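Novice:
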Amino acid sequence: MTSTPELLIGQTLDFPADPFEAGWDVVRHDARGAILIENGRIAATGTADDLRRSHPTARITDYGDALILPGFIDAHVHYPQTGIIASWGKRLIDWLNDYTFPEELRFSDPGYARQAAKLFFDLSLAHGTTTVSSFCTVHPASVDAFFAEAQARGLCAVGGKTCMDRNAPDGLTDTAQSAYDDSKILLERWHGQDRLRYAVTPRFSPTSTREQLQALGALWAEHPDCPMQTHLSEQTDEVAWVRDLFPEARDYLDTYEAAGLLGPGAMFGHAIHLTERERARLKEAGAALIHCPTSNTFIGSGLFDLAGLKSGGQTVGLATDTGGGSSFSMLRTMAAAYEIGQLRSRPPHPAELLWLATEGSARALRLDDRIGRLAPGCDADLVVLDLASTPVIAQRAARAETIWVAVFPTIMMGDDRAIREVRILGRPVDRVFEAR
Ligand code: GUN
Ligand code: ZN
Numbered sequence: 001m002t003s004t005p006e007l008l009i010g011q012t013l014d015f016p017a018d019p020f021e022a023g024w025d026v027v028r029h030d031a032r033g034a035i036l037i038e039n040g041r042i043a044a045t046g047t048a049d050d051l052r053r054s055h056p057t058a059r060i061t062d063y064g065d066a067l068i069l070p071g072f073i074d075a076h077v078h079y080p081q082t083g084i085i086a087s088w089g090k091r092l093i094d095w096l097n098d099y100t101f102p103e104e105l106r107f108s109d110p111g112y113a114r115q116a117a118k119l120f121f122d123l124s125l126a127h128g129t130t131t132v133s134s135f136c137t138v139h140p141a142s143v144d145a146f147f148a149e150a151q152a153r154g155l156c157a158v159g160g161k162t163c164m165d166r167n168a169p170d171g172l173t174d175t176a177q178s179a180y181d182d183s184k185i186l187l188e189r190w191h192g193q194d195r196l197r198y199a200v201t202p203r204f205s206p207t208s209t210r211e212q213l214q215a216l217g218a219l220w221a222e223h224p225d226c227p228m229q230t231h232l233s234e235q236t237d238e239v240a241w242v243r244d245l246f247p248e249a250r251d252y253l254d255t256y257e258a259a260g261l262l263g264p265g266a267m268f269g270h271a272i273h274l275t276e277r278e279r280a281r282l283k284e285a286g287a288a289l290i291h292c293p294t295s296n297t298f299i300g301s302g303l304f305d306l307a308g309l310k311s312g313g314q315t316v317g318l319a320t321d322t323g324g325g326s327s328f329s330m331l332r333t334m335a336a337a338y339e340i341g342q343l344r345s346r347p348p349h350p351a352e353l354l355w356l357a358t359e360g361s362a363r364a365l366r367l368d369d370r371i372g373r374l375a376p377g378c379d380a381d382l383v384v385l386d387l388a389s390t391p392v393i394a395q396r397a398a399r400a401e402t403i404w405v406a407v408f409p410t411i412m413m414g415d416d417r418a419i420r421e422v423r424i425l426g427r428p429v430d431r432v433f434e435a436r
């Protein structure tokens, strides 16, 4: 079915290259830019004047001074933890045992999982996030609920069954064999359906035996086009625990590497406390590191070395990690990445933050041929940002002489009120909270 071409007019940014490598002055800003949408795809980009002239019959939607961006991509999140977001007072292992695992046990009820998936996507879209890579729970029905909801909304989404066969409560564990079998069934059911991708998903080495990691490594080897997602070196206590559990391993990464869980398409959440060997192997293997800044401060994990890892040539995506993360907003997530950069080495530039939340995460997911860029041929998943969404932001942005000064107050102080519109495959999303 073909649709009438539509021309979206507003401020636009074009990233011809990774600004961490090429510098932010290569980014092109059009104060009156335009994006032509045809059949759910981006057909052309340019100035509003040029595209109006070349496409005189296109329907026009003019967003004025609002900034049109690719929809945000949350490269690491736990949809089943929505109900326990902002649970206070614990560090990682106690936080998992006291808050997370009891909540994940509730997903044995498929009806609960369906309700949670609805609320999760309502919240993500309300914050301008158009693609997520989510952990589900151990229950296959939690994966079905996630993908069914994403599919009904036409979303590009990544998810997988979280596998654990030790150090977790009875109702949340599987075995090496059942993790392989259930993951394989789910992968065959969902991977490649519409815009959905299945991720092989061991939770982390402390909750998987060697046998389970090996089984999932074997499954991934059979489906190398799938992503693989897990956690790596988030807290020092966790790193020490892994050393005790895997005395033969050279380091934490080696527990995955030995099982065939390191390679292109692997996504490691957190990756804060890395050794030199781990950094070198991650880069050599073409794996991605996922920066989860609100989670890293909320759970007290540490300061991710964004500038050092990017200048070392690593692939890095950005993520909320809710419910360990304390916000659904990728704006708030960018703000936290800025603050952590200040504490660690250097604060990222607004261009770097916006790139990380879009193309950077898309690259980590190996989906940058489809999403994360305002480029002809890409799917028209978009977010339109109001750069004057609250009085304090508006008065600050009003003084701005460059787009970076104009957008930075929204990065630092913006929330869902800054999300003027979200589009999936070109169509505006009705952001109603059906699940409440
Ligand atoms: N490490 C293992 N599981 C989790 C989780 O659910 N959240 C976070 N932040 N870290 C983890
Ligand atoms: Zn996580």
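The letter at position 416 of the sequence shown is residue 416 when you use full-length UniProt numbering, and the numbering goes up by one with no holes. Cβ atoms here follow ideal geometry from the backbone N, Cα and C, with glycine treated the same way. As the structure is a prediction and not an experimental result, all values here were calculated from the model.
Tell me R197's beta-bridge partners as DSSP assigns them.
Specialist: If you number the sequence shown from 1, residue 197 lands on position 197. R197 is bridged to V158.
Novice: Determine the DSSP secondary structure at L387, reduced to helix, strand or coil.
Specialist: For the purposes of this step, residue 387 is taken as residue 387 along the sequence shown, with counting starting at 1. Note: L387 maps to coil in three-state DSSP.
Novice: D368: buried (16+ other C-beta within 10 angstroms of its C-beta) or exposed?
Specialist: As a first step, residue 368 must be located in the sequence shown, where it is residue number 368. By the 10 Å Cβ count, D368 comes out buried.
Novice: Return yes when the C-beta of residue 446 is under 7 Å from any heavy atom of the ligand ZN, and no when it is not.
Specialist: Given that the chain is displayed from residue 1 to residue 436, the structure contains no residue 446 and the question cannot be resolved.
Novice: Around the C-beta of Q229, are 16 or more other C-beta atoms found within 10 angstroms, so that it is buried, or is it exposed?
Specialist: Within the sequence shown, numbered from 1, the residue matching residue 229 stands at position 229. Burial call: buried.
Novice: In terms of residues, what are the limits of the beta strand (DSSP E) holding D74?
Specialist: If you number the sequence shown from 1, residue 74 lands on position 74. Residues F72 to H78.
Novice: Tell me which same chain residues have a C-beta within less than 8 Å of the C-beta of P5, skipping the five on either side of it?
Specialist: Taking the first residue of the sequence shown as 1, we reach residue 5 at position 5. Taken in chain order, the residues that qualify are L36, I37, E38, A43, H55, T57, A58 and R59.
Novice: Can H231 and R203 be called in contact, C-beta distance under 8 Å?
Specialist: Stepping through the sequence shown from its first residue, residue 231 is reached at position 231. Stepping through the sequence shown from its first residue, residue 203 is reached at position 203. It is a contact, given that the beta carbons lie within the stated cut-off.
Novice: Exposed or buried, what is E434 when buried is set at 16 or more other beta-carbons lying within 10 Å of its beta-carbon?
Specialist: Locating residue 434 in the sequence shown gives position 434, where the first residue counts as 1. Confidence is the limiting factor: at E434 the pLDDT is only 47, short of 50, which leaves the residue's position unreliable, though a coordinate-based value still follows. Exposed: under 16 other Cβ atoms inside 10 Å.
Novice: Hey, how far is the Cα of P16 from the Cα of R52?
Specialist: Residue numbering aside, residue 16 sits at position 16 when the sequence shown is read from its first letter. Residue numbering aside, residue 52 sits at position 52 when the sequence shown is read from its first letter. If you take the alpha carbons of P16 and R52, they lie about 23 Å apart.
Novice: How big is the Cα-Cα spacing for G159 and F135?
Specialist: To locate residue 159, count along the sequence shown from 1; it is residue 159. To locate residue 135, count along the sequence shown from 1; it is residue 135. Roughly 6 Å separates the two Cα atoms.
Novice: Quick check on the burial criterion: 16 or more other C-beta atoms within 10 angstroms. Buried or exposed for T162?
Specialist: Taking the first residue of the sequence shown as position 1, residue 162 is located at position 162. With 16 or more Cβ atoms within 10 Å of its Cβ, T162 is classed as buried.
Novice: To the nearest angstrom, how far is the alpha carbon of P376 from that of V132?
Specialist: The residue labelled residue 376 in the question sits at position 376 within the sequence shown. The residue labelled residue 132 in the question sits at position 132 within the sequence shown. Each residue's alpha carbon lies about 22 Å from the other.
Novice: Does the stretch 76–85 come close enough to the stretch 307–327 that 3 or more CB-CB pairs lie under 8 Å?
Specialist: yes
Novice: Is the distance from the Cβ of A157 to the Cβ of A113 below 8 Å?
Specialist: Walking along the sequence shown from the start, residue 157 turns up at place 157. Walking along the sequence shown from the start, residue 113 turns up at place 113. A157 is not a Cβ neighbour of A113, given a cutoff of 8 Å.
Novice: Can you tell me where the beta strand (DSSP E) with Q11 in it begins and where it stops?
Specialist: To locate residue 11, count along the sequence shown from 1; it is residue 11. E6 to D14 is the span of the beta strand (DSSP E), which, as asked, contains Q11.
Novice: Can you give me the C-alpha to C-alpha distance between D49 and L309, rounded to a whole angstrom?
Specialist: Walking along the sequence shown from the start, residue 49 turns up at place 49. Walking along the sequence shown from the start, residue 309 turns up at place 309. So the two alpha carbons sit approximately 40 Å from each other.
Novice: Return yes when the Cβ of A351 is within less than 8 Å of the Cβ of I411, no when it is not.
Specialist: As a first step, residue 411 is located in the sequence shown; it is residue number 411 there, counting from the start. As a first step, residue 351 is located in the sequence shown; it is residue number 351 there, counting from the start. Result no, Cβ atoms of I411 and A351 do not sit closer than 8 Å.
Novice: Is the CB-CB distance between K283 and Q314 below 8 Å?
Specialist: Position 283 of the sequence shown holds residue 283. Position 314 of the sequence shown holds residue 314. Cβ distance < 8 Å, so K283 and Q314 count as in contact.
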